[in-house]
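In this note's numbering, the protein residues as written are 13 to 646. Beneath this line is the structure, given in structure tokens, with notes to follow.
This is the structure:
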């Protein structure tokens, strides 16, 4: 890790170490200084070359990282730690190098200046500025966006997650969500609010993308013209005749059957009344552990999330359902809306909404008349309504993608304006025109192979031994298993494992299964089969192989390498808690059992351990594993 990120590491550590107190006094934060933000947003600026006054201005609120440095796992870990601590992470790029942002933060923006933030509930939100914006304008937009979300010190939002977060859950919902705003000149923007869910039912497995877009578009030329544009009164009047919003979801470098399922608003004439519309998706949750067991485990290191990720998840209980809804309320004064479903040249479906000025207004040339200048009639905006100056338009759509498909998709929204020009009939008929400056569009790349959308909870397996490295298959073409410095976020599939329905640990990079050799105890990743040498069971925080009775060979660290060999001088046979395999086998575990040790029982009275337990040794750190779920919601 480069030395300039040590300050970030220290700040994050201090935030994590701070005490959470509901009675803490909240000190208001001053707005971020625009001058320092503008300096950071100058094309080519990097934390390496920046003046120390910039980093001091950001201290405790914004972690500035150059995109190139996100290739370093240590920097990625600190970036995620900063998000967890409530900091904002500003990522800038210099053009040539583009890091795979979709694997780091879950979404990949095309712009070179993006800031990320994690809400108290875990949802990722981000904002970008168009590359064409000058640093002065870009800094105002980014700094204001940060200030709007910083109502109290960053540590407070983290404490809110700890003190007010949801209780232990015993269901798994494959889901990822984010919001992303792109700012353009003239006060225009496109905002995405996206949730991707895994819809698993009998005979049906889809990834469903729910998209809510909010576009703010305003015409560059608007109002009267009298030799100068955009004045109050003149011989010509220009207002929007049509606002067009088009959204598409297209596979990247592959083919996939992506279907537009729902789209709102469908179609409606002009109205001064508020209209509300929504989309909804029904999903099935997976479960494997009773709420009682999950609650009982809440005080342990792995916690309830770790408990749920240690057993195969089954999607079979009709009561474990959730509805993903997106809704909007709007008023379309003087404009109607029509939905059209299109096909792109490559066959992908698109949804296009056309918000068109009431035809009776288009045909009424006298509506905006405002006197004469002695030769021609004049026009003004006195009778205009808000959408004739600017429009905030919200669209909703859902898209179905086959659940087994593991590619990436580009979400694209384009917003354009076609103007109508009113003028004295002596000057000719009204003119319809489009201004290229009113064409704004944005594309975000979303990885549908995200571990958050897998059928089973995806985890990293971190050894308690030595430096706490994670189990990895470094090369998907090789069966070798190793220990490596733990990655962070959604990146690093070589360290990501899923326990499938047959209790096999599948590596997400290779799709091969963790295997123990019966004779040598060697640990490898090989083609998944049904043998006991690929079946694994958790016993509290030990991972036990199914061979030889299922209580001898276990995954452990031997001389710095993963091993499954049973060593009589170091190992005892594994005892499972008879109440549940995830519970501690005895109360003072991992220390050696002693007289008075009990067998934990969530249902009531705990019994003393049998006498033969007293011959067991202390369970070494090399046998014990921390499960690190790679997921937002369990």
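Virtual Cβ for every residue (Gly too), placed ideally from N, Cα, C.
Delimiting residues of the beta strand (DSSP E) encompassing residue 535: In the DSSP annotation of this structure, the continuous segment of the beta strand (DSSP E) that includes residue 535 starts and ends at 535–538.
Reduced DSSP category for residue 633 - H, G, I as helix; E, B as strand; rest coil: Residue state for residue 633 is assigned as helix, using DSSP reduced to three classes.
Separation of residue 50 from residue 148, as counted between CA atoms: The straight-line gap from Cα to Cα measures roughly 5 Å.
Same chain, Cβ closer than 6 Å to residue 632, five either side skipped, listed in chain order: Sequence-distant Cβ neighbours of residue 632 in its own chain, meaning closer than 6 Å and more than five residues away, do not exist here.
Segment limits, beta strand (DSSP E) that includes residue 663: This structure gives no information on residue 663, because the portion of the chain shown stretches from 13 to 646.
Element boundaries [alpha helix (DSSP H), containing residue 64]: Unbroken alpha helix (DSSP H) run through residue 64: 64–70.
Interface flag, residue 612 vs chain D, CB-CB below 7 Å: The displayed structure is made up of one protein chain only, and chain D is not part of it.
Local conformation of residue 171 per DSSP, three classes: Confidence at residue 171 is low in this model, with a pLDDT of 43, below 50, so its placement is unreliable and no value can be given for it.
Residue 585 versus residue 523: straight-line alpha-carbon distance, rounded: Rounded to the nearest angstrom, the two C-alpha atoms are 30 Å apart.
Distance between residue 431 and residue 641 (C-alpha atoms, nearest Å): Those two C-alpha atoms are separated by around 52 Å.
Validate contact between the stretch 455–467 and the stretch 183–198 using beta carbons, cut 8 Å, 3 pairs: Yes: the two stretches touch, three or more of their Cβ pairs being nearer than 8 Å.
DSSP state of residue 659 mapped onto helix, strand, coil: Residue 659 is absent from the model: the chain starts at 13 and stops at 646.
Alpha-carbon to alpha-carbon, residue 590 and residue 626: Cα to Cα, the separation comes out at about 17 Å.
DSSP three-state assignment for residue 370, whether helix, strand or coil: In the three-state DSSP reduction, residue 370 falls in the coil class, being neither helix nor strand.
Classification of residue 145 by the beta-carbon crowding that lies within 10 angstroms, buried from 16 upward: Within 10 angstroms of the beta-carbon of residue 145 lie 16 or more other beta-carbons, which makes it buried.
Coil, strand or helix - residue 546 by DSSP: Helix.
Backbone CA spacing between residue 576 and residue 131 [nearest angstrom]: Annotation: residue 576 to residue 131 spans about 41 Å, alpha carbon to alpha carbon.
Those runs of the beta strand (DSSP E) which lie wholly inside the stretch 67–104 and span at least 3 residues: Those beta strand (DSSP E) runs which fall completely within the stretch 67–104 and span 3+ residues are 74–78 and 100–104.
Given 8 Å, three or more beta-carbon pairs between the stretch 589–604 and the stretch 566–573: Below 8 Å, too few C-beta pairs join the stretch 589–604 and the stretch 566–573 to call them touching: fewer than three.
Assumed close pair residue 415, residue 117 - CB separation to whole angstroms, cut-off 8 Å: About 23 Å separates the two Cβ atoms, so there is no contact after all.
Coarse secondary structure for residue 322, derived from DSSP in three states: DSSP, reduced to helix, strand and coil, places residue 322 outside both helices and strands of the structure shown, so it counts as coil.
Buried or exposed by the 16-neighbour rule on C-beta atoms within 10 Å, applied to residue 624: By the neighbour-count rule (16 or more Cβ atoms within 10 Å), residue 624 is not buried but exposed.
Straight-line Cα distance separating residue 554 from residue 567: For residue 567 and residue 554, the distance between alpha carbons rounds to 7 Å.
Short Cβ contact (7 Å threshold) for residue 436 with residue 389: Against a cut-off of 7 Å, the Cβ pair of residue 389 and residue 436 comes out as a contact.
Beta-carbon proximity check, residue 270 vs residue 261, cutoff 7 Å: Yes, the pair counts as a contact, with Cβ atoms nearer than the cut-off.
Residue 207 - containing beta strand (DSSP E), residue span: Here the beta strand (DSSP E) through residue 207 covers 201–213.
Distance, residue 287 Cα to residue 400 Cα: The C-alpha of residue 287 is placed about 19 Å away from the C-alpha of residue 400.
In DSSP terms, what residue 195 is bridged to: In the DSSP output, where bridge partners are listed per residue, residue 195 has 141 and 201.
C-alpha gap between residue 278 and residue 338, whole angstroms: Their Cα atoms are separated by approximately 15 Å.
Three CB pairs or more closer than 8 Å across the stretch 192–199 and the stretch 391–399: Contact between the stretch 192–199 and the stretch 391–399 is absent, because fewer than three Cβ pairs lie under 8 Å.
Residue range of the alpha helix (DSSP H) that includes residue 225: For residue 225, there is no enclosing alpha helix (DSSP H); the enclosing beta strand (DSSP E) has its first and last residue at 216–229.
Limits of the unbroken alpha helix (DSSP H) element including residue 286: Careful: residue 286 lies outside any alpha helix (DSSP H), inside the beta strand (DSSP E) at 283–296.
Touch test, the stretch 88–106 against the stretch 65–77, Cβ-Cβ under 8 Å, three pairs minimum: Touching, per the Cβ criterion.
Contacting residues, own chain, Cβ-Cβ under 7 Å from residue 477 (five flanking each side not counted): Residues 569, 633 and 634 of the same chain have their beta carbon placed closer than 7 Å to that of residue 477, with the five preceding and five following residues left out of the count.
Classification of residue 53 by the beta-carbon crowding that lies within 10 angstroms, buried from 16 upward: Its Cβ being crowded by 16 or more others within 10 Å, residue 53 is buried.
Buried versus exposed, by CB contacts within 10 Å (16 or more), residue 326: Label assigned to residue 326: exposed.
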